[in-house]
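Written below as structure tokens is the structure these notes are about.
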Amino acid sequence: MTPPAFTQVTIPRPDDWHVHFRDGAMLEAVVPFTARQFGRAIVMPNLTPPITTVEEALSYKARIQAAVPDGVSFDPLMTCYLTDTANADEISTGFKDGVFTAAKMYPANATTNSAAGVTDIANVHGVFERMQRDGMPLLIHGESTDQAVDVFDREAVFIDQVLSNLVQDFPDLKIVFEHVTTQEAVQFVRDRHAVRPGFIAATITVHHLMINRSDLFRGGMRPHLYCLPIAKREKHRLALCEAAISGPGPFFLGTDTAPHARPAKESACGCAGVFSAPVAMEAYTQVFDEEGALDQLAAFASENGPAFYDMDVNAETLTLEKTAVSTVPSVTSSEGDEVQPFLADEGTSWRCV
Ligand code: DOR
Ligand code: ZN
Numbered sequence: 007m008t009p010p011a012f013t014q015v016t017i018p019r020p021d022d023w024h025v026h027f028r029d030g031a032m033l034e035a036v037v038p039f040t041a042r043q044f045g046r047a048i049v050m051p052n053l054t055p056p057i058t059t060v061e062e063a064l065s066y067k068a069r070i071q072a073a074v075p076d077g078v079s080f081d082p083l084m085t086c087y088l089t090d091t092a093n094a095d096e097i098s099t100g101f102k103d104g105v106f107t108a109a110k111m112y113p114a115n116a117t118t119n120s121a122a123g124v125t126d127i128a129n130v131h132g133v134f135e136r137m138q139r140d141g142m143p144l145l146i147h148g149e150s151t152d153q154a155v156d157v158f159d160r161e162a163v164f165i166d167q168v169l170s171n172l173v174q175d176f177p178d179l180k181i182v183f184e185h186v187t188t189q190e191a192v193q194f195v196r197d198r199h200a201v202r203p204g205f206i207a208a209t210i211t212v213h214h215l216m217i218n219r220s221d222l223f224r225g226g227m228r229p230h231l232y233c234l235p236i237a238k239r240e241k242h243r244l245a246l247c248e249a250a251i252s253g254p255g256p257f258f259l260g261t262d263t264a265p266h267a268r269p270a271k272e273s274a275c276g277c278a279g280v281f282s283a284p285v286a287m288e289a290y291t292q293v294f295d296e297e298g299a300l301d302q303l304a305a306f307a308s309e310n311g312p313a314f315y316d317m318d319v320n321a322e323t324l325t326l327e328k329t330a331v332s333t334v335p336s337v338t339s340s341e342g343d344e345v346q347p348f349l350a351d352e353g354t355s356w357r358c359v
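Residue numbers (our numbering): 7 to 359.
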């Protein structure tokens, strides 16, 4: 006899350890989708201009809080964008005062709004030394920016050329390898975690758990599935699923929800980013259900992240239940910008109760 399928799951309220909220009308339109399900979110600093000072972070945080619907508790955790001229004192003060939770390193020109990023990692060694001393996490967009490197190989090349040296040079620096997309990244994190637990972690997006690179071209070009790092081969997607459902450990939830208005996506030169906030927990739960691993959802979504960041697990709970598949409506800002969410047509078979 086959065991009964689970139709409901309750977990401690999850957190999203990687989001893009943008600013202005777009921010107001998208924040409620994250706040309705997640207790906290690590907010990426890649605005134009980027968030590099304590003052900018405080004022950005206030704009986010103002967009949280009444009666909803949600804590935005702010990050500092590292540039070649990053100021170690400012970053350290911001961390010690509880304004910055972490600093984000984009290699210059690796992705959306990264032009002000780091051109040579040697330029921020002083900052890393201070972060290491302070216990401040470094969040990394891990892709080589060498245009001669094939776009599907950029994460693996970054591991070989940058990350493997970085963890040797700064063994006490807490590092999150953001939105990992390859077998190589999963293996790197596992190996490093075995040697230095608590000092390496990785976020995994829901779109990278659900799509592979062939899906980008299914029946035609699918600009709303284009993001960076780009989705890889099926074997990599399978490695990510295995990591996500592996229980307590270094892998945790980070959607990388990244809204762009429809014309910026459906364009001759479309922007990278998948807007997954409207379906995030529903879609992650669907993946865990399909993997027969609903019992590991709490570790990935609610427990591993706080353990790495030295925070408490949220006291509230979130319940999801299996339903008929429903499609996902697009979101429109007060300025008329329309954003198409992930799974708009396919829908999801779970919903938040
Ligand atoms: O696809 C992406 N979009 N990847 C990133 O790293 C940045 C993000 C964005 O800000 O749109
Ligand atoms: Zn991101």
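Ideal Cβ placement from N, Cα and C applies to all residues, glycine included.
From a predicted model like this one, the values you see are computed outputs, not experimental measurements.
Report back the beta-carbon spacing between residue i and residue j to the nearest angstrom; my notes put them in contact at under 8 angstroms.
i: A307; j: L259; result: 5 angstroms
i: T151; j: K110; result: Their Cβ separation, rounded to whole angstroms, is 15 angstroms, which puts T151 and K110 out of contact at 8 angstroms.
i: G279; j: T40; result: With a Cβ gap of about 15 angstroms, G279 and T40 do not count as contacting.
i: E296; j: I251; result: No, E296 and I251 are not in contact; Cβ-Cβ is about 10 angstroms, not under 8 angstroms.
i: V105; j: A63; result: 5 angstroms
i: E327; j: Q14; result: 5 angstroms
i: D140; j: F101; result: 6 angstroms
i: L246; j: L215; result: 6 angstroms
Cβ of residue i within 8 angstroms of Cβ of residue j?
i: V60; j: A92; result: no
i: P235; j: H185; result: yes
i: V334; j: V345; result: no
i: I360; j: H199; result: Nothing in the structure corresponds to residue 360, since the chain is present only between 7 and 359.
i: R160; j: A94; result: no
i: H370; j: S282; result: Only positions 7 to 359 of the chain appear in the structure, and residue 370 is not among them; the question remains open.
i: E322; j: G77; result: no
i: V192; j: A249; result: yes
i: A208; j: P254; result: no
i: L172; j: F194; result: no
i: T99; j: Y315; result: no
i: D103; j: R69; result: no
Go through its chain and collect everything with a Cβ distance to residue i's Cβ below 7 angstroms, but skip five positions before and after it.
i: H242; result: T187, T188 and Q189
i: E2; result: With the chain covering only 7 through 359, there is no way to say anything about residue 2.
i: V285; result: V334, P347, F348, L349 and T354
i: I387; result: Here the chain comprises residues numbered 7 to 359, so residue 387 is not present and cannot be evaluated.
i: V359; result: T325, L326 and E327
i: T261; result: D22, H24, V25, T211, V212, S282, A283 and A286
i: V155; result: V163
i: E96; result: T59 and V60
i: C277; result: T118, H266, A270 and K271
i: D81; result: G45 and R46
i: P75; result: P38 and A41
i: Q138; result: F176, D178 and L179
Which residue from the options puts its Cα closest to that of residue i?
i: G123; options: H147, P38 and T209; result: H147
i: T54; options: T40, A154 and Y87; result: Y87
i: R19; options: Y315, E309 and F348; result: E309
i: T263; options: T16, F12, M32 and P312; result: M32
i: V183; options: F294, E341, P143 and A114; result: Checking the displayed sequence, the identity of residue 183 turns out to be Phe instead of Val. Of the listed residues, the one whose Cα sits closest to F183 is P143.
i: K271; options: D343, R202 and M317; result: D343
i: E149; options: P113, D140, S79 and D126; result: P113
i: S79; options: V293, D221, G30 and D21; result: D21
i: D90; options: K102, D81 and H131; result: H131
i: A162; options: K238, G253 and N320; result: K238
i: F158; options: P38, R202 and S220; result: S220
i: S332; options: I70, M317, D318 and E352; result: E352
i: V201; options: Q174, P312 and M317; result: Q174
i: A313; options: I165, G204, Q71 and A330; result: G204
i: T291; options: C275, R357, D318 and R268; result: R357
Taking 8 angstroms as the limit between beta carbons, can you name the residues of its chain near residue i, skipping five residues before and five after?
i: I57; result: P51, A63, Y66, M84, T85, C86 and Y87
i: F12; result: D295, L300 and K328
i: V293; result: V212, L215, M216, C247 and A250
i: Q167; result: S150
i: D318; result: P312
Residues in its own chain within less than 6 angstroms of residue i by CB, not counting five upstream and five downstream?
i: S339; result: A31, M32 and A35
i: N320; result: P18, R19 and G45
i: L145; result: A108, K110, V182 and E184
i: E341; result: A31
i: G311; result: D21, W23 and F258
i: A116; result: H147, E149 and T151
Any contact of the region 23-37 with the region 46-59, i.e. 3+ C-beta pairs under 8 angstroms?
yes
Counting Cβ pairs closer than 8 angstroms, one from the region 221-231 and one from the region 170-183, do we hit at least three?
no
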